[in-house]
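Novice: Protein chains in written order, with the numbering used here: chain A, 1 to 251; chain B, 1 to 234. Beta carbons are placed, not taken as given, at the ideal position from N, Cα and C, and that holds for glycine. Computed from a predicted model, the values in this text were never measured in an experiment. My questions all concern the structure below.
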């Protein structure tokens, strides 16, 4: 039986929880099965044996970016409806999990989320209130989030086996490739404004050329060696209050 | 700020724990709308104690630190929802003005973020047990749904427990730091924090860049920021 619109809405809404049962054995596999259930129940209505077999197939190990998993849920549902043979379904699962992960990671975690976060921070640092700044982030980010999830589901159902072609070199990947310069510039601007805000909390001003120069060198060194840069940053975060408290104790 | 002025009643504590439960499950389990980001969670923490701007200030620094850890593949990243809430709440509860309190709040927020990461790994192991055996779950789709929902609630419980366990000790630790005044040595604390932020920003920019090209863009961005500061626009 063909899934109804309400089944699609239910499956789409369940993709918001697709990673909840993530584990080291099946990764997001159980979550995919959970999200597909409204579709599978309709497709195999009155046939519990087929339903059990399809749920078992759906629970097998799978991984991908959580927002783009909506594409896999819909495409796999489509394959079940078309009665594709299990071998084809398994090949499809193996073929799309790589692109679903890398394209989603690069576009959403690598670009969209940091850009929205940085815009919100910029707004606060330029004088917007904390409530407005947080609201700006949530509305902006989730506008993109909901759009990507909805697009992914719709395209997955329409394209079925063809979603792999849409992902590799698709608009999302191209967009991610264009946005990184904006992201980097925003990172530099906001980091400097945060330092200025902190310096002002301490009752000083950001006029030390030496500090700005050393900061620039440290930022570039961390860019070249990000792992070590992260460790240095963590150490400095701990050193700061130690210096402050020691100074207060010593006088 | 004195001890007598500090108010952390049971009502505020319960609200914080409930918020921690929601923030704890947001980043992975449901609904992934990113209220678990530090700028949001720390602001909520500040708001619980009547000073969202103080929470946001903590969130700004934690966010720059968190941006260097995107959840690509199997990468480890800090669990910033409950941690941001605790740090923002602790700073706001301390009055949201003392420099020493801010510095201690930041360390608590970052450290608790990594404690949260450990609890996420424990929960993933627990999920392995909850979501098995496959044959039983496939035979009874209702059971699969039930177990999946249990996994969501477990994540909420994880976030709530983190806040319940760490909120009061954090508020006390941060409040202790309120009394520490500025000193010659203490001024270096801000140099350390500023350089830490610079290192974080560099590492964060690399995680979004495709390769090592484009490094001058960080400097261009910082230069624009400096113009805004020197122009008095901030």
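Could you name the residues that DSSP lists as bridge partners for residue 62 (chain A)?
Specialist: The partner list for residue 62 (chain A) (beta bridge, DSSP) reads A:27.
Novice: State yes or no: is the C-beta of residue 116 (chain A) within less than 8 Å of the C-beta of residue 137 (chain A)?
Specialist: Yes, they are a contact pair.
Novice: Within 10 Å of its beta-carbon, does residue 88 (chain A) have 16 or more other beta-carbons around it, so buried, or fewer, so exposed?
Specialist: Exposed, because fewer than 16 other Cβ atoms sit within 10 Å of the Cβ of residue 88 (chain A).
Novice: When Cβ atoms are compared, which residues of the region 131 to 146 of chain A fall closer than 8 Å to chain B?
Specialist: Residues 131, 133, 134, 137, 138, 141, 142 and 145.
Novice: Closest Cβ-Cβ distance between residue 93 (chain B) and chain A: below 8 Å?
Specialist: For residue 93 (chain B), the answer is no, since every Cβ of chain A falls outside 8 Å of its Cβ.
Novice: Could you check whether the Cβ of residue 134 (chain B) sits closer than 8 Å to any Cβ belonging to chain A?
Specialist: Taking Cβ atoms only, chain A reaches closer than 8 Å to residue 134 (chain B), which makes this a yes.
Novice: By the 9 Å beta-carbon criterion, what residues does the region 65 to 96 of chain B contribute toward chain A?
Specialist: Result list: 65, 66, 67, 68, 69, 70, 71, 72 and 73.
Novice: Do the region 80 to 100 of chain B and the region 29 to 49 of chain B make contact, defined as three or more Cβ pairs closer than 8 Å?
Specialist: Short answer: they touch.
Novice: DSSP on residue 239 (chain B), reduced to helix/strand/coil?
Specialist: Look at the range of chain B in this structure, 1 to 234, and you will see that residue 239 (chain B) is not part of it.
Novice: Any idea if residue 36 (chain A) is buried or exposed, counting beta-carbon neighbours within 10 angstroms, 16 or more meaning buried?
Specialist: Classification of residue 36 (chain A): buried, given that the 10 Å Cβ count is 16 or more.
Novice: Is the shortest distance between the beta-carbon of residue 178 (chain A) and the beta-carbons of chain B less than 8 Å?
Specialist: Not closer than 8 Å to any Cβ of chain B, the Cβ of residue 178 (chain A) fails to qualify, so no.
Novice: Tell me which residue opens and which closes the alpha helix (DSSP H) that residue 26 (chain B) is part of.
Specialist: It spans 10 to 26 - the alpha helix (DSSP H) in which residue 26 (chain B) sits, taken as one unbroken run.
Novice: Taking its Cβ as the centre, do 16 or more other Cβ atoms sit within 10 Å of residue 68 (chain B), making it buried, or is it exposed?
Specialist: Flag for residue 68 (chain B) reads buried.
Novice: Would residue 3 (chain B) pass as an interface residue toward chain A - the criterion being a Cβ-Cβ separation below 8 Å?
Specialist: Residue placement at residue 3 (chain B) is flagged as unreliable, the pLDDT there being 46, under the threshold of 50; the coordinate-derived value follows with that caveat. No, residue 3 (chain B) does not count as interfacial toward chain A.
Novice: Buried or exposed, going by whether 16 or more other CB atoms sit within 10 Å of the CB of residue 85 (chain A)?
Specialist: Flag for residue 85 (chain A) reads exposed.
Novice: Just to check my reading of the structure: residue 70 (chain A) and residue 15 (chain A) have Cβ atoms closer than 8 Å, yes? What is that Cβ distance to the nearest angstrom?
Specialist: Indeed, because the Cβ distance is near 4 Å, the residues count as touching under 8 Å.
Novice: Buried or exposed: which applies to residue 121 (chain B), given that a residue is buried once 16 or more other Cβ atoms fall within 10 Å of its Cβ?
Specialist: Exposed: under 16 other Cβ atoms inside 10 Å.
Novice: Quick check on the burial criterion: 16 or more other C-beta atoms within 10 angstroms. Buried or exposed for residue 1 (chain A)?
Specialist: Exposed, by the Cβ-count rule.
Novice: Against chain A, does residue 167 (chain B) count as a neighbour if the rule is that its beta carbon must be under 8 Å from one of theirs?
Specialist: No, no contact with chain A.
Novice: Taking only beta carbons into account, state which residues of the region 202 to 231 of chain B come closer than 8 Å to chain D, listed in chain order.
Specialist: Structure shown: chain D not included; protein chains present are A and B.
Novice: If you reduce the DSSP assignment to three classes, tell me which class residue 299 (chain A) lands in.
Specialist: Since the first residue of chain A shown is 1 and the last is 251, residue 299 (chain A) is not available in this structure.
Novice: How is residue 7 (chain A) classed by DSSP in three states: helix, strand or coil?
Specialist: It is helical.
Novice: Please report the straight-line C-alpha distance between residue 47 (chain A) and residue 40 (chain A), rounded to a whole angstrom.
Specialist: Roughly 10 Å between the two C-alpha positions.
Novice: Taking only beta-carbon positions, decide if residue 49 (chain B) is within less than 8 Å of chain A.
Specialist: Not an interface residue.
Novice: Find out if the Cβ-Cβ distance for the pair residue 196 (chain B), residue 233 (chain A) is shorter than 8 Å.
Specialist: Yes, these two residues count as a Cβ contact at 8 Å.
Novice: Under 9 Å Cβ-Cβ, which residues of chain B neighbour residue 126 (chain A)?
Specialist: What residue 126 (chain A) touches in chain B: 228, 233 and 234.
Novice: Give me the residue from A:12, A:38 and A:223 with the minimum Cα distance to residue 3 (chain A).
Specialist: Checking every option, the nearest Cα to that of residue 3 (chain A) belongs to A:38.
Novice: Where does residue 19 (chain A) land, buried or exposed, given buried means 16+ other C-beta within 10 angstroms?
Specialist: Buried, because 16 or more other Cβ atoms sit within 10 Å of the Cβ of residue 19 (chain A).
Novice: Taking residue 34 (chain B) as the reference, give the member of A:153, A:245, A:9 and A:108 with the closest Cα.
Specialist: It is A:108 whose Cα lies nearest to the Cα of residue 34 (chain B).
Novice: With distance defined between alpha-carbon atoms, name the residue in A:77, A:94, A:219 and A:239 nearest to residue 156 (chain A).
Specialist: Among A:77, A:94, A:219 and A:239, the Cα nearest to that of residue 156 (chain A) is on A:77.
Novice: Measuring straight from C-alpha to C-alpha, what distance separates residue 94 (chain A) and residue 101 (chain A)?
Specialist: Roughly 12 Å separates the two Cα atoms.
Novice: Answer with yes or no whether the minimum CB distance from residue 146 (chain B) to chain A is below 8 Å.
Specialist: By this cut-off, residue 146 (chain B) is not an interface position.
Novice: Taking 8 Å as the threshold (beta carbon to beta carbon), is residue 30 (chain B) in contact with chain A?
Specialist: Chain A contact via Cβ: present.
Novice: CB residue 62 (chain B) to CB residue 103 (chain B), shorter than 8 Å?
Specialist: No. Outside cutoff.
Novice: Ends of the alpha helix (DSSP H) at residue 184 (chain A)?
Specialist: Note, residue 184 (chain A): alpha helix (DSSP H), 171 to 201.
Novice: With DSSP as the reference, label residue 2 (chain B) as helix, strand or coil.
Specialist: Any reading at residue 2 (chain B) is ruled out, since the residue's pLDDT is 47, under 50, leaving its predicted position unreliable.
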